[in-house]
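What follows is one structure encoded as structure tokens, with my remarks underneath.
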Amino acid sequence: MYQLVFSGQLADNWQQAEVLPELARLLKQPPEKAQVLFSGRRFVLAKNLSSNKARDLRLNLRKIGALADIESMPPPATSQPEPATGKPCPKCGHRQSSGDTCNACGVIFHKFLQAQQAQTIAANPQINHSSQATVAPANKRSNSGYLLIGLILCLVVGVSLMIWQKRQDDDFRTRLMQAGVSEFHVDEVAQLRDLSVPGRTTIVALLDSRCGSCKHFQQLSATLSPHAPQLAFRHIVVHDHAAYAQALSKYKVPINNTPYLVIYSPDQQPMSPEQASHSREYWVVFAEVIKEVERDERLRAFEEELKEQRQRKESSAAGNSSAAKG
1 MYQLVFSGQL ADNWQQAEVL PELARLLKQP PEKAQVLFSG RRFVLAKNLS
51 SNKARDLRLN LRKIGALADI ESMPPPATSQ PEPATGKPCP KCGHRQSSGD
101 TCNACGVIFH KFLQAQQAQT IAANPQINHS SQATVAPANK RSNSGYLLIG
151 LILCLVVGVS LMIWQKRQDD DFRTRLMQAG VSEFHVDEVA QLRDLSVPGR
201 TTIVALLDSR CGSCKHFQQL SATLSPHAPQ LAFRHIVVHD HAAYAQALSK
251 YKVPINNTPY LVIYSPDQQP MSPEQASHSR EYWVVFAEVI KEVERDERLR
301 AFEEELKEQR QRKESSAAGN SSAAKG
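The opening position of the sequence shown corresponds to residue 1 in full-length UniProt numbering, with each subsequent residue numbered one higher.
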């Protein structure tokens, strides 16, 4: 009988990348497993082959670029069964090949062994107590280890939460104290007064990202902010009806529409005009606020824009009234 041996050798003008997939297909193995055949070691691809079968298989491998060798298989090693030694009797030592009763003294093996074990335990009662005494401290040590691990995990989680909370607080304070416009979420702000900035006139606005007037308000805030460092714009932005309802309940304010505005003085007290702060006429709020701002040439264009907005609003209202009368 013969065997076919492959050690990774390739035929001329063949590359491993070409041979590997074909060899894997021929051996019915995935390419990643067949890759080991090119490690330089000898692998027996097939054994117990006749000479004709071995030559045919080697030819098939040659067609896909793999060179294999045909070797004669060594004769199987003959093994002789070990002589049975038999089972010794636990009492007299007589050996016999089978049976649970001694042919020499007649003792029954398993009953004799059970009796021996019972006598040993009865003669040494401290064995059980000592084993229990050994197990108990081990259990205590195991429980103590689990308790220590639990305490360490609790400590790590607690410290992590403290660090996370401190970072959140630091981020909130940084955004609160910075100049210009800052945005916040409902979950971050306990009450509207928390957004007032000491030493600055603060305009706190509740905005709905879906509202056109709110988007316009944000544009006006961005326009005015660089020219009025005495002002701070703090926006609470909601994105859906659930957040809007949460804001109504949390801040306990009569928000009939947005933007909803509250103005705080530099000493963090609410400022007028209260009516304007509860309406869509937010340019009225701007007009009131910039009275507190030192006059600057850069504010003129902004004031002109506010005036044009008011005029457009009045013209639109007058047109609607005329149309209603007609």
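In this text, a Cβ means the ideal position worked out from N, Cα and C, and glycines have one as well.
Touch test, the stretch 17-36 against the stretch 60-78, Cβ-Cβ under 8 Å, three pairs minimum: yes
GLN191 in three-state terms, based on DSSP: coil
C-alpha distance - VAL181 paired with ALA222, whole-angstrom precision: 7 Å
Inter-stretch contact (C-beta, 8 Å, three-pair minimum) for the stretch 203-215 and the stretch 235-248: Counting C-beta pairs with one atom in each stretch, the stretch 203-215 and the stretch 235-248 have three or more that are closer than 8 Å, which means they touch.
Residue from GLN246, LEU61, SER265 with nearest C-alpha to ALA232: A check of alpha carbon separations from ALA232 across GLN246, LEU61, SER265 identifies SER265 as the nearest.
Three-state class that DSSP yields for ASP240 in the structure shown: coil
Per-residue burial, GLN114 [other beta carbons within 10 Å of its own, 16 or more giving buried]: exposed
Secondary structure of LYS307, DSSP reduced to three states: helix
For PHE109 and HIS94, the rounded distance between their alpha carbons: 12 Å
Pair within 7 Å by beta-carbon distance, ALA24 and ALA11: Annotated as distal: ALA24 and ALA11, with beta-carbon spacing of 7 Å or more.
Beta-carbon gap between PHE112 and PRO90 smaller than 7 Å: Yes, they are a contact pair.
Three-state class that DSSP yields for ILE95 in the structure shown: Here residue 95 is Arg; the residue named in the question, Ile, does not match the sequence. DSSP places ARG95 in strand when its eight states are reduced to three.
Integer Cβ distance of LYS250 from VAL186, believed to fall under 8 Å: 6 Å
Same chain only: Cβ atoms within 7 Å of residue 336, ignoring 5 sequence neighbours per side: In this structure the chain extends from 1 to 326, so residue 336 is not present and cannot be described.
Limits of the alpha helix (DSSP H) - the one that SER50 falls within: Unbroken run through SER50: none, as it is neither H nor E.
Cβ-based burial, ARG58 [other Cβ within 10 Å; buried from 16]: Around the CB of ARG58, 16 or more other CB atoms lie within 10 Å, so the residue is classed as buried.
Option nearest THR258 by Cα separation, candidates GLY199, ALA245, ASP100, SER7: ALA245
Exposure of ALA54, with buried meaning 16 or more beta-carbon neighbours within 10 Å: buried
Three-state secondary structure assigned by DSSP to PRO270: strand
C-alpha gap between VAL156 and THR174, whole angstroms: 27 Å
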